[in-house]
Amino acid sequence: MEARKHDRYVQQAMANIGKVGLRWWLIATVLAACVAAGIYAYIYQVQNGHSVTGVSHTIFWGFYIVNFVFFIGISYGGAITSAILRLTNAKWRAPITRIAEGTAVVTLAVGAVSVIVDVARPDRLLNLFLYAQPGSPITWDWIAINTYLVGSVIFFYLPLIPDLALCRDTYPNAGGLRGWAYRVLSLGWRGSPDQERALLRGIGIMAVLIIPLAITVHSVLAWLFAVTVREGWHTTIFAPLFVLGAMLSGVATVILVIAAFRKAYGLQEFIAERHFRYLSYLLLAFDAGYIYFMASEYITEGYVQAVVPGAMLQSLFIGTFAPVFWTFALGGLVLPLVLVALPGRHVMARACVASALIVGGMWLKRFLIVLLPGSSGALLPWELYQPSWVELAITTASLAAIPLGLMILFFFFPVMSVHEMDEVEGATEPARPALTPAFAGGGDD
Amino acid sequence: MTGISRRKLLGGLGTGAGAIAVTGLAPIRFDAEAAPVPAKKRQWVMVIDMRRCDGCKHCTDACQETHHLPKSHEWIKVHKLKGKRGQEYFMPQPCMQCENPMCLRVCPVAATFKDDEGIVLVDQNRCIGCRMCIAACPYDARYFNEVDPPAFANPFGRLPTPQFPVPQQKGTVGKCMFCVHNTGQGKLPACVEACSMLALYIGDLVSDVATNGQETVRLSKFLNENDAFRYKEELNTGPHVYYIAGHGQDLEF
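Note that the protein sequences, when read in sequence, are chains A and B.
Numbered by the working numbering, the letters in the first sequence go through residues 1 to 445 in order.
Numbered by the working numbering, the letters in the second sequence go through residues 1001 to 1253 in order.
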């Protein structure tokens, strides 16, 4: 019985390694076409300059910065989900950690590209290193993001090592380039107790490290805006607001990605309704927290009725930006909260709908964050921002790049962590290194 | 198990953090603030007498002609404002050449720097076009070159210098620099030269004089007697532009 289940999850996890069906190719082709259109738009932009975008001397930041904040934000979901579940030693995490960690890596890479696209002189990017100014928030940003990117890749890679060994042992063409890559990357994993202990310790350390790392990244990202004197940006709540927003949109994205791969890769047996219910709890907490932070921000600013924040809030609540704001506040925060909070049936469907609403809503919120203060100068009649086709094409490409990146990732690596499934299913005795704290599965026996 | 001990690793990290903290205190191009500067030669300021401005925008036109700017880039911009009693008045606004410029602090590559005479300059050959400085400037004095500048005869393929950024480099940021290419040779900035209402003065805090091209005034006395004020002074940016109100303007913005 147990052995048969083991065979089933090994088979499902490895099903798409190296041999994919027609459907995979169809979807991949459509997504790749979107990405290609975005690359074309970017080349066009490099040739013609930023005049082909909606930004100008008055609206200095547009869709690219919105996307940048959005994608870096959702990358937090993968990291936090996996890290929290590992640290609390939640057994049910086994089938979803790989997808969560993979989502973090892919969305982070897309986010990093989004900000490079925004730089008007990409030919001089090297100046960031040659003349780096420690006092500039942009310097803090690229250091933090690069560190976080390396951290996320390690966090994805460490739990993958035993599975890479499995690929090495089962991949038919062991002599080819891919067989060679599995051999090298699996670092001679044999599953000995010593190796198990070292691995578990490494994962434990990374799970602890990735949390402050991610908080740093999102705080620095918030300070990029908050250290200016612009109304709506210059507020002390910005860093925690960004961190919580990242966790909210990130967990929602993880739910969507898990639902998609569960269906497409036939993982229904292993990823069940309870996974969605538990993740919904996280969603619920973060959503309520975000509403609280936002209310706190608007009440402290709005109650005083000073001239400048007053004008900004007016534009937000009843003015130009009101349709965007209320769509976000009601559709992207309140409705999802109700959807996941209510008891009853259809847990999975409700979690997915709520997640989709939250992800869309949080993009709108980032749009408001970036565009609103830029549009409410004290003396200048600021123009309203009109994104051009170039920005729309590049945004579409960034969105398409995430599922495409994940599909490619799980073309090379197992979609579920077989090694962790073995642990929870009791196929192997989990190692317990003394250095890992008890709540992470360590401690003395 | 591994070659490097935990103590060594942590020690190494500490040294690295220390190095960052030390370099963090020393920005690379903070020329005007650099250690003991022997008696500064000049500190340029501008005085704008709003009682005289009639909003003709000759200053803006002259500036755009001198620096070959597109029409939308108004390095000196003439705001048309409404006072509390409904009266109209004009406020020409160049770059404030702040004592403590926020744009300089946020630049990741030190493309923005200050010269010895208090002018905030942009090295357009270094600027990466991130627009962080535009976000940081409280006066909206900076302009992003999203388009090519209007074509003009440039037979020797001249490249912009920070002191005379002509032609504007596409994808970088430009702004007013009090025409240091003129003042260095004893000439007036283009806008001061062009102002037929004599509302603009260029001055020097060190020698305490200012001139609008016709009359020369004792700067400190002129500012005191006319209740000059500086725009958004509460931000501690230390603007080098003084305004004189009195034509029905509100004294606060």
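Heads up, the beta-carbon is just placed ideally off N, CA and C, and yes, glycines get one too.
Remember, predicted model here, so these are calculated numbers, not experimental data.
Answer yes or no: does any C-beta atom of chain A fall closer than 8 Å to that of residue 1072 (chain B)?
yes
Can you tell me which of the three DSSP states residue 86 (chain A) falls into?
helix
Anything in the region 1173-1200 of chain B with a Cβ closer than 7 Å to a Cβ of chain A? List those residues in chain order, please.
Residues of the region 1173-1200 of chain B that bring their beta carbon within less than 7 Å of a beta carbon in chain A are absent altogether.
Using the Cα positions of residue 1064 (chain B) and residue 371 (chain A), report the straight-line distance between them to the nearest angstrom.
In this structure, the alpha-carbon of residue 1064 (chain B) lies about 28 Å from that of residue 371 (chain A).
Test item: CB-CB of residue 257 (chain A) and residue 103 (chain A) under 8 Å
yes
Give the residues of chain A in contact with residue 1096 (chain B), contact being defined as C-beta atoms less than 7 Å apart.
Residues of chain A passing the Cβ test: none, with the nearest at roughly 13 Å.
Spatial distance of residue 252 (chain A) from residue 336 (chain A) (CA atoms):
Residue 252 (chain A) and residue 336 (chain A): Cα-Cα distance of roughly 10 Å.
Does the region 1135-1144 of chain B touch the region 42-59 of chain A, meaning 3 or more C-beta pairs lie closer than 8 Å?
yes
Should residue 1084 (chain B) go down as buried or exposed, given a rule of 16 or more other Cβ atoms within 10 Å for buried?
exposed
Report whether the distance from the Cβ of residue 386 (chain A) to the nearest heavy atom of the ligand GTP is below 7 Å.
Only the bare structure without any ligand can be found here, which leaves the ligand GTP out of the picture.
Since residue 1230 (chain B) meets chain A, which of its residues come closer than 8 Å, beta carbon to beta carbon?
Residues of chain A passing the Cβ test: none, with the nearest at roughly 15 Å.
Tell me, please, whether the CB atom of residue 1235 (chain B) is closer than 8 Å to any CB atom in chain A?
yes
Chain-ordered chain B contacts of residue 228 (chain A) [CB-CB under 9 Å]:
1102, 1106, 1132, 1135, 1136, 1137, 1138
Quick one: what does DSSP say residue 1238 (chain B) is sitting in, helix, strand or coil?
coil
Contacts that residue 60 (chain A) makes with chain B (C-beta to C-beta distance below 8 Å):
1131, 1134, 1135, 1144
If you count every other CB in all the chains shown that lies within 10 Å of the CB of residue 19 (chain A), and 16 or more means buried, which is it?
exposed
Euclidean distance between Cα positions of residue 1178 (chain B) and residue 1214 (chain B):
18 Å
Measure from the alpha carbon of residue 1132 (chain B) to the alpha carbon of each residue in A:230, A:326, A:354, A:250, then state which is nearest.
A:230
Using a Cβ-Cβ cut-off of less than 7 Å, list which residues of the region 109-126 of chain A approach chain B; keep chain order.
119, 120, 121, 124, 125
Whose Cβ in chain B lies nearer than 8 Å to the Cβ of residue 132 (chain A)?
By Cβ distance, chain B contributes 1108, 1109.
May I ask you to list the residues that DSSP assigns as paired with residue 1204 (chain B)?
B:1044, B:1209
Does chain B have any CB closer than 8 Å to the CB of residue 220 (chain A)?
no
Looking at chain A, which residues of the region 1144-1165 of chain B have a Cβ within less than 9 Å of any of its Cβ atoms?
1144, 1145, 1146, 1147, 1148
Those runs of the alpha helix (DSSP H) which lie wholly inside the region 1054-1140 of chain B and span at least 4 residues
For the region 1054-1140 of chain B, whole alpha helix (DSSP H) runs of length 4 or above, ordered along the chain, are 1058-1067, 1102-1106, 1132-1136.
Comparing the C-beta of residue 137 (chain A) with each C-beta of chain B, is any distance below 8 Å?
yes
Mind listing the chain A neighbours of residue 1126 (chain B)? Cutoff is C-beta to C-beta under 8 Å, in chain order.
124, 127, 131
As an exercise, report each continuous alpha helix (DSSP H) stretch of at least 4 residues that is fully enclosed by the region 313-358 of chain A, in chain order.
For the region 313-358 of chain A, whole alpha helix (DSSP H) runs of length 4 or above, ordered along the chain, are 322-326, 335-341.
Cα-Cα, which of B:1072, B:1150, B:1212 is closest to residue 1045 (chain B)?
B:1212
Can you confirm whether the region 179-194 of chain A touches the region 113-132 of chain A when touching is taken to mean that 3 or more C-beta pairs between the two stretches lie within less than 8 Å?
The answer is no - the region 179-194 of chain A does not touch the region 113-132 of chain A, with fewer than three Cβ pairs under 8 Å.
Can you confirm whether residue 234 (chain A), when its beta carbon is compared against all beta carbons of chain B, has any partner nearer than 8 Å?
no
Determine, using beta carbons only, whether residue 75 (chain A) comes closer than 8 Å to chain B.
no
Check whether residue 239 (chain A) and residue 226 (chain A) have beta carbons under 8 Å apart:
Their beta carbons are under 8 Å apart, which means residue 239 (chain A) touches residue 226 (chain A) by this criterion.
Kindly say whether residue 56 (chain A), judged by its beta-carbon, lies nearer than 8 Å to any beta-carbon of chain B.
At least one CB of chain B lies nearer than 8 Å to the CB of residue 56 (chain A).
Contact under 8 Å by Cβ, residue 145 (chain A) with residue 217 (chain A):
yes
State yes or no: is the beta carbon of residue 1171 (chain B) nearer than 8 Å to at least one beta carbon in chain A?
Interface residue (Cβ-Cβ distance to chain A less than 8 Å): residue 1171 (chain B) is classified as such.
Contact set between the region 35-50 of chain A and chain B, restricted to residues whose Cβ is under 9 Å from the partner:
49, 50
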